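Protein sequences, first through last, are from chains A and B.
Be aware that the first sequence starts at 0, since it is given in numbering that gives the first Met the number 0, and climbs by one per residue.
Be aware that the second sequence starts at 0, since it is given in numbering that gives the first Met the number 0, and climbs by one per residue.
All residues carry an ideal CB built from backbone N, CA and C; glycine is no exception.
Values in this document were obtained by computation on a predicted structure and should not be read as measured data.
Accompanying notes for the structure given below.
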Amino acid sequence: MTSILELKQLSKSYPGVAALKPFDLSFRKGEVHALLGENGAGKSTLIKLITGAVRADAGAVILDGEDVLGHDPAGTLSRGIAAIYQEFSLFPDLTVAENVFFGRQITKGGMIDRRAMEEETARILKDLGTDISPRAPARSLSVGHQQLVELAKSVSRNIRVLIMDEPTAPLTNREVGFLYKVVAKLKARGVTIIYISHRLKEVFDLCDRVTVLRDGDLVSTVDTADTTEAELVRQMVGREVIHDHPVSTAQQGEVLLEARGLSSPKVHGVSFKVRAGEILGLAGLVGAGRTETARLVFGADKRDAGEVIVDGKVAQIRSPRDAIAAGIGLIPEDRKSQGVLLNQSVTFNAVFAALSRVSPGLLADARAERAAAQKLCDQLRIKTPTLEQLVGRLSGGNQQKVVLAKWLLTESRVLIFDEPTRGIDVGAKEEIYALMRRLSDRGAAIIMISSEMPELLGMSDRILVLAEGRVAGELSKDEFDQERVLRLASGLEMMGETA
Amino acid sequence: MSTETTAGPVPQGGDRRRAIVARLAQYGIYFALLILVVFFTISSDVFLSSANLLNVLRQVSIIGICAVGLTFVLLTGGIDLSVGSVIGVAGMTCATLTAAGFPVVVAVAAALAFGLLAGLIAGFIINEAGIPPLITTLGLMTTFRGVSYIIGGGLPVYGVPDTLKFLGQGYVFGIPVPVILMAATLAFGHIVLTHTRFGREVYGVGGNEEAARLSGVNVKWLKYKVYALSGTLAAFAGIVLMARVNSGQPKGGEGYELDIITAVVLGGVSIFGGVGRLTGVLAGVLIMGVLANGMILLNINEYVQWVVKGSVLLAAVALDQLINRQGKSG
């Protein structure tokens, strides 16, 4: 079979990390080629290098004999390489046809020929087997239909290589079935599809060959017919997890927090318990509903059903304010947009959630606030020139500690960490781990959401795996196993209902 | 002290430029005020007389009182265009009630109650219908102006009792009462902003609404409060204005909202919320007063004065944008 796209010794490094190591990889004309790997394995980097979104350090990307490396995404697109990402790039208020032809509208005598665009769009969509109206605004379409419009965009450009990043993540089962058919059609037309998915089942259903990446390097490329799920998981994981995490010394106590049947549009009846002195890890793929579950517990989003029980009593949590009063604190995933006030001082941020606690009187007690902030800075070793420093000027790790300081001051007994070490350098990471462990040893109940497997396995006392908004399984410390977590998270394995 | 400095290199390039711009924004306003004062002192014999300076202060007292309420609103990232119309309705209400023989206290209370209600209505529309503050208060500006005309059938109401006149025309130790009221309002606002929980929450919501909510701030309730404060202070200013001009004027306060917003933004309060102090706002208010007074003394055409005021507002907003962009690039 002829190859259409060849990657030759393509590589990319960021300061201190080799994001992608040089290797050769070729994609055949008309094949569906799966790209597998854990978070951070180098899949995204590889795609960005191919499309030109990121500049490669060295190597070549040969498309049908022509080296296309050095072009930007618009350049590679015009040469026949398109990518569909998880977040669609449709203009919500333009019609389907306007979206499909955006930037290269069909014109007649200098004016946009709306009818020609609509007819052409209708033809392409019909070809894909759907009857979406070309005149419908993109906003009015379901997620599945929006994805089809993205596909139509690519098809209308005579694409030769189509990269799909987790295309089924937002889809319902029926939509997934439809997507399979569309992929088959494109393949029959000779389009090469690079298919990224965490769901191994899809790899076997849909793909001809599969390439596994790990730590930025190529592990293997094989025909899907010649491998097994177990083999692929083993290749993705590859190594033993290194234990560099502080070990629990605490006796686990009473159940501090219990969630019963939490439900919202993205969470379906999630229940769990956390004990004092315990760190419960929440595992799952992107979109599995981990953050959404945390926000339901914290009252940040409206829940349709379920209850939160703190200290054996049902807590009436309707807002974060209620949750804080019940002794819960949330260290959100996106620190800058949800955790801190960037243009306020360290003191301001540290005492912000505990104003009435620090100054019980009518007027704020500036001295008490500074004293409290100073104590926390010492305790958490927050590195700042002064207490008046704007938090926006601190490093990521120190910002994260400021968020934590806020909850220490409210004396939260249940702490929810959502991706606690994202965007934080290695040294600060270890400090955050040590702090988490110290808090739990002192009797706090901690829920930790993490996409980093070593962190999850290293820090958790127990792991709850979510998949598609449901509890897929629960593993106790002696059952911890990276492959197992991955299998549960990707829906390959289901455990019975956990109490 | 754990003041281990994170290997802090000397600020350079963008950092230094940002620092300079920030410093300029912080003190530039006082410098601008000084330049204006010097300029008018040189070009007019009358300007620096104590009579004229007191006159300037009395002139700005109405917008000064309103500026305090608007500062709170702007700090949360909102805006209130309805203050000028609330001034009008409050003056008309108060004048009509006293003319009808109601006690002064009742008339004043009714006018203040209207201001409070006006703010709550704005808060309700913004919170519950999710309409942006700009549009909400633009609509209310027109609505309340209509109310102001309806109250007196389009005509002014005369017959302000002496006790009320004192609010607008009296003196205490040689200082006009409106000036004292403005100073008191500013001092009150300053203490609330810098020393109370409510003040912290105002800054927090303006700086990052979602982070504030996740820190336990009841954001909706806070917005009700700031618009209610803005409305009540505007009504208070309306009463003082009515007392000063001896009558309830249906046109009272018309166009004031622009002077007030200009003064507040000039004073360094960001239209993006979260940043600004009332000390700066005081300077902004004084600049507006000095500009207006000086231009009159120099016999500058009224139309030209409008051009100048509008340009000042745009310049202040442009500076705010510049600082904001610099802040984000870091």
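- Every alpha helix (DSSP H) stretch that sits fully inside the stretch 167-214 of chain A and reaches 4 residues is listed by chain position as 172-187, 199-205.
- Contact residues of the stretch 186-208 of chain B toward chain A are His194, Thr195, Arg196, Arg199, Tyr202, Gly203, Gly206, Asn207 (C-beta to C-beta distance below 7 Å).
- Secondary structure note for A/Gln146: its alpha helix (DSSP H) is the uninterrupted segment 142-154.
- In chain order, Leu73, Val264, Val316, Asp319 place their CB closer than 7 Å to the CB of B/Ile270, counting only its own chain and leaving out the 5 sequence neighbours on each side.
- For A/Gln251, there are no C-beta contacts with chain B under 8 Å, since the nearest C-beta of that chain is about 28 Å from it.
- Per DSSP, reduced to three states, the secondary structure at A/Glu257 is strand.
- Taking C-alpha positions only, A/Ser43 is separated from A/Gly215 by approximately 10 Å.
- Beta-carbon to beta-carbon, A/Thr290 and A/Ile448 are separated by about 6 Å, close enough to satisfy the 8 Å threshold.
- Of all residues in the stretch 210-243 of chain B, only Ala210, Ala211, Arg212, Leu213, Ser214, Gly215, Val216, Asn217 come within less than 8 Å of chain A when Cβ atoms are compared, listed by chain position.
- When Cβ-Cβ separations below 8 Å define contact, A/Ser355 makes contact with chain B.
- Runs of alpha helix (DSSP H) with 4 or more residues, each lying fully within the stretch 317-356 of chain A, are found at 319-324, 345-350, listed in chain order.
- Think of a sphere of 7 Å around the beta carbon of B/Gly273: the chain A residues whose beta carbon falls inside it are Asn342, in chain order.
- Sequence-distant partners of A/Gln250 (beyond 5 residues in either direction) whose C-beta falls short of 6 Å from its own C-beta are missing from its chain.
- Counting every other CB atom within 10 Å of its CB across the protein chains shown gives B/Asn300 a total below 16, marking it as exposed.
- Closest in alpha carbon position to A/Leu438, among A/Leu414, A/Phe26, A/Tyr84, is A/Leu414.
- If you check the CB distance, B/Val59 and B/Val280 do not come in under 8 Å.
- Here DSSP, grouped into helix, strand and coil, assigns A/Phe90 to coil.
- Residue range 82-98 is occupied by the alpha helix (DSSP H) that includes B/Ser84.
- The C-alpha of A/Arg114 is placed about 10 Å away from the C-alpha of A/Lys107.
- Annotation: the continuous alpha helix (DSSP H) that includes B/Asp258 extends over 255-265.
- Taking a 10 Å sphere around the C-beta of A/Lys125, we find fewer than 16 other C-beta atoms and assign the residue as exposed.
- Here A/Phe416 is buried: its Cβ has 16 or more other Cβ atoms, across all protein chains shown, within 10 Å.
- Secondary structure note for A/Gly268: its beta strand (DSSP E) is the uninterrupted segment 266-274.
- Bounds of the beta strand (DSSP E) holding A/Tyr13 are 2-13.
- Using beta-carbon distances, A/Ala299 counts as an interface residue toward chain B, with a partner under 8 Å.
- Against chain B, a Cβ distance below 8 Å from A/Ser336 picks out Asn207, Glu209, Ala210.
- One alpha carbon belongs to A/Glu37, the other to A/Arg486, and they sit about 12 Å apart.
- Scanning its chain for C-beta atoms nearer than 7 Å, with the 5 sequence neighbours on each side dropped, one finds around A/Gln373 the residues Leu386, in chain order.
- Annotation for A/Lys476: Asp460, Arg461 place their beta carbon closer than 7 Å to its own, counting only its chain and skipping 5 residues before and after.
- Within the stretch 431-460 of chain A, the complete alpha helix (DSSP H) segments at least 4 residues long are 452-458, listed from N- to C-terminus.
- Per DSSP, the continuous alpha helix (DSSP H) segment holding B/Gly122 begins and ends at 103-123.
- With fewer than 16 other beta carbons inside 10 angstroms of its own, A/Gly74 counts as exposed.
- With fewer than three CB-CB distances shorter than 8 Å, the stretch 181-199 of chain B does not count as touching the stretch 279-297 of chain A.
- Take the alpha-carbon of A/Ser318 and the one of A/Ala168: they are about 29 Å apart.
- Counting other Cβ atoms within 10 Å of its Cβ, A/Ser336 stays below 16 and is therefore classed as exposed.
- For the pair B/Ala236 and B/Ile61, the CB atoms are nearer than the 8 Å cut-off.
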